[in-house]
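Take the sequence shown: its letters are residues 9 to 183, numbered as in my numbering. Backbone N, C-alpha and C define an ideal beta-carbon position, used for all residues, glycine too. To keep things clear, I will list the structure first and then write my remarks on it.
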Amino acid sequence: MLRSAFILGCAITSAVATGLLVVRHEGFTSKGDETATLVQTSQTHSVSAPSTIGGVTAIPKAADGHYWAEARVNTTTVKFLVDTGASVVALTPQDARRLGINLNTLTYDQDVTTASGKTQAARVVIDRVQIGQSQMDDVEALVIREGLSTSLLGMSYLGRLSRFEATQGSLILRP
Numbered sequence: 009m010l011r012s013a014f015i016l017g018c019a020i021t022s023a024v025a026t027g028l029l030v031v032r033h034e035g036f037t038s039k040g041d042e043t044a045t046l047v048q049t050s051q052t053h054s055v056s057a058p059s060t061i062g063g064v065t066a067i068p069k070a071a072d073g074h075y076w077a078e079a080r081v082n083t084t085t086v087k088f089l090v091d092t093g094a095s096v097v098a099l100t101p102q103d104a105r106r107l108g109i110n111l112n113t114l115t116y117d118q119d120v121t122t123a124s125g126k127t128q129a130a131r132v133v134i135d136r137v138q139i140g141q142s143q144m145d146d147v148e149a150l151v152i153r154e155g156l157s158t159s160l161l162g163m164s165y166l167g168r169l170s171r172f173e174a175t176q177g178s179l180i181l182r183p
């Protein structure tokens, strides 16, 4: 009985922790009334280089317990917090600008709530995102107008992999 209570407590704690780093969006092409939620930590994080063996890429777990990935986005390197709870890739305005996206021409028509409050997001499609041997073309993303301190690597990239899995020491990506 005590063991079951402990396992249930761990599951609830994991669910709450995951909820702190979630971007929920009701379908990329839907304009529903749902509000996405973005909660961000404000700490500085270093990114370890992923290792690639036989087409499989391993992203090492950082000291903060998260997976931080450097991705080649088109021709630019972008640091992402890997967020399996995020429906789509979410870009900061700074990263979007570095990718050549003109922020003034975007249509910010998606309601989003961040740790800093409510804001707007604009839909974009990224030509190419590559981490190690895992590359995806035409990746759906949102540019968050304000309130996001780091870009998030969400399921619009991760969900297109053949498989990904978290181990105690790394996140394994299989193209």
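Rounded to the nearest angstrom, how far is the Cβ of residue i from that of residue j, given a contact under 8 Å?
| i | j | result |
| --- | --- | --- |
| residue 155 | residue 95 | About 17 Å separates the two Cβ atoms, so there is no contact after all. |
| residue 66 | residue 139 | Not a contact, Cβ separation roughly 10 Å. |
| residue 113 | residue 120 | Wrong, their Cβ atoms sit about 19 Å apart, outside the cutoff. |
For residue i versus residue j, is the C-beta spacing smaller than 7 Å?
| i | j | result |
| --- | --- | --- |
| residue 3 | residue 99 | Past the boundaries of the shown model lies residue 3; the chain is included only from 9 to 183, so the question cannot be answered. |
| residue 137 | residue 107 | no |
| residue 183 | residue 141 | yes |
Mark residue i as exposed unless 16 or more other C-beta atoms lie within 10 angstroms of its C-beta, in which case mark it buried.
| i | result |
| --- | --- |
| residue 145 | exposed |
| residue 148 | buried |
| residue 174 | exposed |
| residue 103 | buried |
| residue 158 | buried |
| residue 170 | exposed |
Looking only at its chain, what residues have a beta carbon closer than 7 Å to the beta carbon of residue i, apart from the 5 residues adjacent to it on each side?
| i | result |
| --- | --- |
| residue 177 | 68 and 69 |
| residue 160 | 31, 88, 89, 91, 94, 97 and 98 |
| residue 109 | 132 and 151 |
Under three-state DSSP, which class holds residue i?
| i | result |
| --- | --- |
| residue 158 | coil |
| residue 91 | coil |
| residue 96 | coil |
| residue 115 | coil |
| residue 179 | strand |
| residue 103 | helix |
Ordered along the chain, which non-local residues of its own chain (more than five positions away) have a Cβ less than 6 Å from that of residue i?
| i | result |
| --- | --- |
| residue 135 | 82 |
Please list, in chain order, all residues of the same chain as residue i whose beta carbon is under 8 Å from its beta carbon, the five residues on each side excluded.
| i | result |
| --- | --- |
| residue 125 | 155 |
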